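Chemist:
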Amino acid sequence: MRQTQFAAVATMAAVLVITGCTTNNNVDTTKTTAIQPAAKDVGTSDLAQGKAQFRDANYGLAEQHFRKAVELKADNAEAWMGLAASYDELGRFDFADRAYGQLLKVAGRKPQIVNNMGYSQLLRGNKKKARALLLEAKAGMADPTVVNANLALLDKG
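Residue numbers (our numbering): 428 to 584.
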């Protein structure tokens with residue numbers, strides 16, 4: 428019986444030596460390309476993704492990224508603007524109004540914001556309100572090209 432115990436202990440010791448049961452601080456040097464490193468500023472990353480999705484007319488995905496960006500950084504006016512515009516394009520004007528409200532609190536009543544609010548009203552078919560907002564925006568802009576285009580859309584429809 429004693430020989431059996433000795434053989435079992437000897438076998439275990441041999442296994443430990445062979446498998447290298449030591450702590451030599453092995454570092455995994457495996458390179459992977461499938462997993463991208465996390466962005467340092469997730470809010471900025473989501474802002475960039477939101478803009479890219481918006482440009483590609485993927486308004487649902489844009490909304491998700493802009494929403495995440497404002498959740499991470501509530502004073503990000505650019506993200507609020509993108510979120511409001513995404514909601515406009517999705518026809519979710521109730522949410523767009525909330526986002527414009529937050530945007531006004533964060534950035535103030537700037538001509539570019541008022542222009543977007545006017546365009547939002549244009550999308551809803553509120554021509555009178557759209558015109559008033561667009562004219563307010565035009566009065567404050569150095570280059571009213573975008574506002575003029577929105578006014579032309581208003582006059583066309």
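Ideal Cβ placement from N, Cα and C applies to all residues, glycine included. Remember, predicted model here, so these are calculated numbers, not experimental data.
(1) Helix, strand or coil, according to DSSP, for ARG570 in the structure here?
(2) With H, G and I counted as helix, E and B as strand and the rest as coil, what does DSSP make of LEU500?
(3) Should ARG482 go down as buried or exposed, given a rule of 16 or more other Cβ atoms within 10 Å for buried?
(4) Helix, strand or coil: which one does DSSP assign to ARG536?
(5) My guess is that ASN577 and ASN542 are in contact by the Cβ rule of under 8 Å, so how many angstroms apart are they, rounded?
(6) Could you check the C-alpha separation between LEU549 and ALA557 for me, to the nearest Å?
(7) Three-state secondary structure (DSSP) at GLY552?
(8) Going by alpha carbons, who is nearest to ALA511 out of THR572, ALA579, LYS495 and SER547?
(9) With a Cβ-Cβ cutoff of 8 Å, do ALA506 and VAL497 count as a contact?
(10) If you check the beta carbons only, do VAL574 and ALA564 fall under 8 Å apart?
(11) With DSSP run on the structure shown, which of helix, strand or coil describes ARG482?
Modeler: Judging by the given coordinates:
(1) First, the amino acid is wrong: residue 570 is Asp here, not Arg. In the structure shown, ASP570 sits in coil (DSSP, three-state: anything other than H, G, I, E or B).
(2) Looking at the sequence shown, residue 500 is not Leu but Lys. Coil at LYS500, not helix or strand.
(3) exposed
(4) coil
(5) 7 Å
(6) 5 Å
(7) coil
(8) SER547
(9) yes
(10) yes
(11) helix
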